[in-house]
Amino acid sequence: MDFMRLKFRFRSFRHLALGILAGVVIVNVSCSHQTPMEKLQFPANESFPFLTLEKIYTGKMEQSATFGSRLEKLLAGDCPQTTLHRPSAVAVDSLNRMYVVDTELGRVLRFTGPQTDCDEVVELGADVLNVPAGIAIAGDKIFVSDPNRHLVQIFNFNFEPIGVISHDGFKRPSQLKFDPHTQRLFVVDPPTHQVFIFKTDGTFIAALGGLGTAPTQFHFPVAVETDSTGKIFVLDGLNRKVKIFSPELAFLSSFGTYDRTPGSFGFPKGITVSRDGFIFVSDAAFGNIQIFTQQGALLYFFGQTGWERGEFILPTALSFDNEDRLYVVDQYNNRIQVFQYYAQP
7 MDFMRLKFRF RSFRHLALGI LAGVVIVNVS CSHQTPMEKL QFPANESFPF
57 LTLEKIYTGK MEQSATFGSR LEKLLAGDCP QTTLHRPSAV AVDSLNRMYV
107 VDTELGRVLR FTGPQTDCDE VVELGADVLN VPAGIAIAGD KIFVSDPNRH
157 LVQIFNFNFE PIGVISHDGF KRPSQLKFDP HTQRLFVVDP PTHQVFIFKT
207 DGTFIAALGG LGTAPTQFHF PVAVETDSTG KIFVLDGLNR KVKIFSPELA
257 FLSSFGTYDR TPGSFGFPKG ITVSRDGFIF VSDAAFGNIQ IFTQQGALLY
307 FFGQTGWERG EFILPTALSF DNEDRLYVVD QYNNRIQVFQ YYAQP
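Position in the sequence shown counted from 1, then plus 6, gives you my numbering.
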C-alpha cells in the first residue's frame with residue numbers, strides 16, 4: 007500500500023471518528039454519486055440553447071448498507087456511495103458547494119459541487135434534525151427548517167448548532183430563502199398560508215399573506231424567491247399563481263392559472279429567478295420546469311414526467327449558483343439534476 011493511500015485512509019477515519027464523537031458530522035469522500043454524461047441541451051437543435059444538462063447527483067436508496075460496511079469500505083480506500091432518498095430542498099453557498107435536504111433520511115448533505123469530479127460529502131444527521139424540509143445559506147450561517155419542531159435551526163459551516171428561530175405563528179415552516187441584498191430570511195409556512203420574514207439573528211420583521219384569493223393572500227404557499235432588486239416572488243401553491251412583491255412588501259403583480267396547458271400551473275412546487283430576471287417554476291403535475299418573464303409570459307419549458315436525463319418525477323425546489331447553474335430537486339427520482347443556464351441574447 008503506498009503512503010498517500012494510507013494517509014488518505016487515516017485522515018478519512020480520523021474525520022469519521024471525530025464526527026461520531028461530536029454526534030453531528032460524518033465525512034466521507036465519494037466519486038460515485040455524480041453521473042458524467044454527454045451534454046443534453048434545451049432546445050435540442052438551437053444555436054443558443056437555454057440550458058445544457060451538466061451533472062446528475064443520483065440516489066440508489068441503498069439503505070441496507072450498515073455503518074460497519076460503510077466504515078469497511080472507507081478504510082479499504084473505496085468510495086462509499088452517498089445516496090439520496092426523497093430530497094426536498096437544495097441551496098448553494100458562495101463557494102458553489104451544494105447543500106441537499108434529504109428529508110426522509112432526516113439529514114442535510116454538503117457536496118463539493120458540480121465543478122469537481124470527486125466530492126467531499128459532509129452529513130448533518132438525524133440525531134440533530136427531526137424532519138428537515140428547507141435550507142438557506144446566509145454568509146457563514148446555514149438555516150434549516152424543522153417542521154415537526156416548529157422552528158428553523160441555525161448552524162455554522164462545521165454543522166455545529168448556533169441558534170434557532172421560532173415564532174408563535176409557525177405551524178410547519180418549510181422552504182427558506184435568504185436575500186443577500188436586504189439581509190432578510192424568508193420562511194414559508196404552508197398551513198398558515200403565510201411567509202414569515204426575519205433578520206438573520208432571528209428578529210421577526212413581518213409576515214406576508216393569510217388564507218384567501220386576494221392579491222396579498224395565499225392558499226398553501228410552497229416556495230419563495232428574491233431577485234437582485236429585492237423583489238419577492240411567492241409561489242402560491244393552491245391558488246396556482248406567482249405573486250410578486252416590492253422589497254417594502256407591497257403587492258406588485260401576479261400571474262398564473264390552473265390548467266394543463268403550457269404557461270399554466272398544475273401542482274407548482276419550486277421557484278427561482280435567473281440573474282437576467284427570468285422566473286423558473288417547477289411543476290410536479292407536469293414533470294417540467296417553465297420559464298417566464300416577470301410579466302408572466304411563457305418563454306420556454308423543458309422536461310416531462312420520467313426517469314431519463316432531463317426528465318423529472320415530482321420536481322420540487324430550484325436554486326441557482328453564482329455561475330448560472332440551475333439545481334433541480336428531482337424528488338421521486340432521488341436525484342439532483344444540474345443545468346448550465348445561458349442568458350438569452
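C-beta atoms are modelled at their ideal positions from N, C-alpha and C, and glycine is treated no differently.
Bear in mind the structure is a predicted one, so any value in this text is a computation, not a measurement.
Cβ neighbours of R190 in the same chain (closer than 6 angstroms, five flanking residues each side left out): Within the same chain, R190 has close Cβ partners I203.
Proximity winner among G216, V193, L217, F226, relative to F210 (alpha-carbon distances): Residue V193 is the option with its Cα nearest to F210.
Rounded straight-line distance, which links the Cα of F161 to that of D174: The straight-line gap separating the alpha-carbon atoms of D174 and F161 is approximately 22 angstroms.
heavy atom of the ligand ATP below 7 angstroms from I211 C-beta: Ligands are entirely absent from the displayed structure, and the ligand ATP is therefore not among its contents.
Inter-stretch contact (C-beta, 8 angstroms, three-pair minimum) for the stretch 133-142 and the stretch 103-112: A contact exists between the stretch 133-142 and the stretch 103-112.
DSSP-derived helix/strand/coil call for T188: Looking at T188 - three-state DSSP - the assignment turns out to be coil, as it is neither helix nor strand.
Three-state secondary structure (DSSP) of Q343: Q343: strand per DSSP, three-state reduction.
Within the stretch 211-270, ranges of the beta strand (DSSP E) (whole runs, at least 3 residues): Fully enclosed beta strand (DSSP E) runs of 3 or longer: 227-232, 238-242, 247-251, 257-261.
Close beta carbons around A5, own chain, < 7 angstroms, minus the five adjacent residues each side: As shown, the chain starts at 7 and ends at 351. That puts residue 5 outside it, with no answer to give.
Touch test, the stretch 330-347 against the stretch 266-274, Cβ-Cβ under 8 angstroms, three pairs minimum: Too few Cβ pairs lie closer than 8 angstroms, so no.
Closest by C-alpha distance to N294, when choosing among T188, E129, G302, F318: Ranking T188, E129, G302, F318 by Cα distance to N294 puts F318 first.
CA-to-CA distance, G236 to F257, given in whole angstroms: Whole-angstrom Cα-Cα distance: 13 angstroms.
Contacting residues, own chain, Cβ-Cβ under 6 angstroms from L217 (five flanking each side not counted): Cβ within range, chain order: H199.
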